[in-house]
Amino acid sequence: MAVAKAAKLFPLEEFYLDITQRALVIGGGLAGMVAALEIARGGYEVYLVEKSEHLGGHLRGIYYTNWSPDIQSFLASLINQVELEPKIKVYLNSQIKKVEGFVGNFKTTLETPEGEVVLEHGVAIIATGADKYIPKEYMYGEDKRVLTQAEFEEKVAKGEIDPKKLGRVVMIQCVGSRNDEHPYCSRICCTQAVKNANRILDENPEAEIYILFRDMRTYGFREKFYNELREKGRVFIRYDEEKPPQVKKKGKELVVSVYDELLGDTVEIPVDLLVLSAGIVASRENNEELSKFFKVPLNEDGFFLEAHVKLRPVDFATEGVFLCGLAHSPKHIEETIAQAQAAAARAQTVLSKEKYKAEPKIAAVNEDLCDGCGICEGVCEFGAIEIVTEVVDDKEIKLAKVNEALCKGCGGCIAACPSGAMEQKGFTSDQIYAMIDAALEE
């Protein structure tokens with residue numbers, strides 16, 4: 002079979018694309034700023050685009066961690082580094098309206114407060130972040146004593162809540178995560194609960210804290226802080242997904258009831274404060290728009306999907322486009338930084354070259370057979386085919402054209418073409434039929 006195919010082979014010419022040695026980073030949160038700084042320090046110009054009026058993203062709402070008492074100082078320093086870096090151009094209050102081109106030669110149109118701006122760049126990093134889950138359960142929004150972990154942290158940091166005055170606090174885990182609507186674990190919630198519980202106990206060792214959980218997932222070195230909290234004698238009550246806690250008012254009192262799996266009975270806890278460990282959800286509308294612009298996929302939860310979880314964890318199948326931060330999945334600060342640095346390093350493997358070698362085994366059109374029906378354009382996942390109108394012998398005809406820089410050689414258009422006009426270089430019909438004939442002869 003191989004010999005039969007070899008008899009039909011013809012040389013495939015490699016071709017090279019010029020590289021625009023500038024990067025576009027979409028999202029001005031922690032991941033976006035770290036990625037932009039890494040690329041700029043590598044010697045390349047960076048456009049950093051943020052849709053809001055401030056840099057910082059989710060980090061603006063984090064005030065302390067188990068390891069650091071002052072995250073806002075770290076954020077202020079990071080923003081200052083970005084603003085002072087001459088190779089980074091920041092666009093605030095800006096939205097992406099159009100994306101054209103391919104690896105090495107992207108052209109992105111922004112809508113900014115000063116009007117439309119067209120940016121030419123060789124690579125793009127998507128670091129658009131995610132949204133906080135807004136609880137619909139546990140009387141959130143109905144009683145001012147019910148807060149999310151993020152709201153509690155902010156109020157403590159700003160002095161609006163004094164931990165010394167708290168008597169009994171209940172924290173409920175997995176709010177908005179690990180359910181039918183959002184089946185994934187948000188990863189950060191258990192650590193948030195342990196962090197805030199320890200913050201209360203640092204100032205008020207006599208406070209009663211109850212953490213109602215399904216599974217505690219303070220993984221890695223974070224387990225140390227979980228163990229410290231247990232050693233302080235604080236109560237952890239496991240609840241079943243089918244029997245979640247109930248919250249109700251008894252007069253002016255707020256009462257949480259939960260079925261304790263160990264006791265085999267329902268426990269009622271009157272509380273001064275109920276803190277909900279709300280998860281992270283994808284920014285679906287924003288992600289879907291960017292997914293169409295850059296021809297990159299989303300997973301079933303609405304987060305961006307990498308090319309391969311182990312082999313290409315910050316790449317997309319679309320060449321020249323990379324991924325990091327909460328846009329990929331919920332994660333902690335240090336994980337976000339590491340992924341942003343990885344995305345920046347991958348982007349620089351493209352920017353460091355003056356030319357980019359493209360794949361020669363791609364689709365080609367036999368113009369004598371093509372009738373311009375457009376089926377191939379519809380099935381192409383990479384936007385590599387368009388139907389154009391040409392004038393031949395004073396007649397207008399429609400033909401399919403392949404953008405060789407965008408084509409990945411997947412073969413989808415070849416299978417879909419009803420006229421047989423689409424061919425795959427290196428796998429033409431003649432070559433495949435020759436292999437089949439040889440196999441049948443054997």
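If you read the sequence shown in my numbering, its first letter stands for residue 2, the second for the next number, and so on.
Just so you know, even glycine gets a beta-carbon here, dropped at the ideal spot from N, CA and C.
Given the structure is predicted, the values throughout are model-derived calculations rather than measurements.
Expressed to the nearest angstrom, what Euclidean distance is found between the alpha-carbon atoms of A198 and I210? Within the sequence shown, numbered from 1, the residue matching residue 198 stands at position 197. Within the sequence shown, numbered from 1, the residue matching residue 210 stands at position 209. The straight-line gap from Cα to Cα measures roughly 7 Å.
Does the Cβ of D216 have 16 or more other Cβ atoms within 10 Å, making it buried, or fewer, making it exposed? In the sequence shown, the residue the question calls residue 216 occupies position 215. Classification of D216: exposed, given that the 10 Å Cβ count is below 16.
With distances taken between CB atoms, is the gap from H333 to F305 smaller than 8 Å? By 1-based counting over the sequence shown, the position of residue 333 is 332. By 1-based counting over the sequence shown, the position of residue 305 is 304. Contact: no.
If I follow the unbroken beta strand (DSSP E) through D19, where does it start and stop? Counting from one through the sequence shown, the residue named residue 19 turns up at place 18. Here the beta strand (DSSP E) through D19 covers F16 to D19.
Can you give me the C-alpha to C-alpha distance between E54 and V91, rounded to a whole angstrom? Here residue 54 refers to the residue found at position 53 of the sequence shown. Here residue 91 refers to the residue found at position 90 of the sequence shown. So the alpha carbons of these two residues sit roughly 11 Å apart.
Given that a residue counts as buried once 16 or more other Cβ atoms are within 10 Å of its Cβ, and exposed if not, what is N81? By 1-based counting over the sequence shown, the position of residue 81 is 80. Result: exposed.
Where R231 falls, given that 16 or more other Cβ within 10 Å makes a residue buried: The sequence position of residue 231 within the sequence shown is 230, counting from 1. Exposed.
In angstroms, rounded to a whole number, what distance separates the CA positions of D71 and Y64? Position 70 of the sequence shown holds residue 71. Position 63 of the sequence shown holds residue 64. If I take the Cα positions, the gap works out to 6 Å.
Do P136 and A279 have their C-beta atoms within less than 8 Å of each other? For the purposes of this step, residue 136 is taken as residue 135 along the sequence shown, with counting starting at 1. For the purposes of this step, residue 279 is taken as residue 278 along the sequence shown, with counting starting at 1. The answer is yes: Cβ separation under 8 Å.
Within 8 Å, do at least three Cβ pairs link the segment 138–154 to the segment 107–124? no
Pull the bridge partners of V315 from the DSSP assignment, please. Taking the sequence shown and counting its residues from 1, the one referred to as residue 315 is at position 314. Bridge partners of V315: none, in fact.
Could you check what DSSP says for C175 in three-state terms: helix, strand or coil? Taking the first residue of the sequence shown as 1, we reach residue 175 at position 174. Strand at C175.
Reducing DSSP to helix, strand and coil, say where D395 ends up. Reading the sequence shown from its first residue, position 394 is the one you call residue 395. In this structure, D395 counts as coil in the three-state DSSP scheme.
What is the C-beta distance between T219 and V236, in whole angstroms, given that I count them as a contact (C-beta under 8 Å)? Numbered from 1 along the sequence shown, position 218 holds the residue referred to as residue 219. Numbered from 1 along the sequence shown, position 235 holds the residue referred to as residue 236. Incorrect: roughly 16 Å between the Cβ atoms, too far for contact.
Rounded separation between L18 and E117 - CA only: Taking the first residue of the sequence shown as 1, we reach residue 18 at position 17. Taking the first residue of the sequence shown as 1, we reach residue 117 at position 116. The alpha-carbon atoms of L18 and E117 are separated by roughly 27 Å.
What separation, rounded to the nearest whole angstrom, lies between the Cα atoms of A346 and Y227? As a position in the sequence shown, residue 346 is number 345, starting the count at 1. As a position in the sequence shown, residue 227 is number 226, starting the count at 1. Roughly 34 Å between the two C-alpha positions.
Please classify V26: does DSSP put it in a helix, a strand, or coil? Indexing the sequence shown from 1 puts residue 26 at position 25. Of the three classes helix, strand and coil, the one that applies to V26 here is strand, per DSSP.
Endpoints, the beta strand (DSSP E) within which A328 is located: The residue given as residue 328 occupies position 327 in the sequence shown. From DSSP, A328 is part of no beta strand (DSSP E); its letter is neither H nor E.
The alpha helix (DSSP H) enclosing N197, as first and last residue numbers: Walking along the sequence shown from the start, residue 197 turns up at place 196. Element bounds for N197: C190 to E204.
Near G168, what residues of its chain come up, given a Cβ to Cβ distance below 8 Å and the 5 sequence neighbours on each side ignored? Position 167 of the sequence shown holds residue 168. Once the five neighbours on either side are set aside, the close Cβ partners of G168 are A208, E209 and D273.
Pair within 8 Å by beta-carbon distance, A417 and I376: Here residue 417 is taken as the residue at index 416 of the sequence shown, counted from 1. Here residue 376 is taken as the residue at index 375 of the sequence shown, counted from 1. In this structure, I376 lies closer than 8 Å to A417 by Cβ.
Is the segment 389–404 touching the segment 356–376, taking contact as three or more C-beta pairs under 8 Å? yes
For C414 and E382, the rounded distance between their alpha carbons: Start at 1 with the first residue of the sequence shown, and residue 382 comes out as number 381. Start at 1 with the first residue of the sequence shown, and residue 414 comes out as number 413. When rounded, the distance between both Cα atoms is 10 Å.
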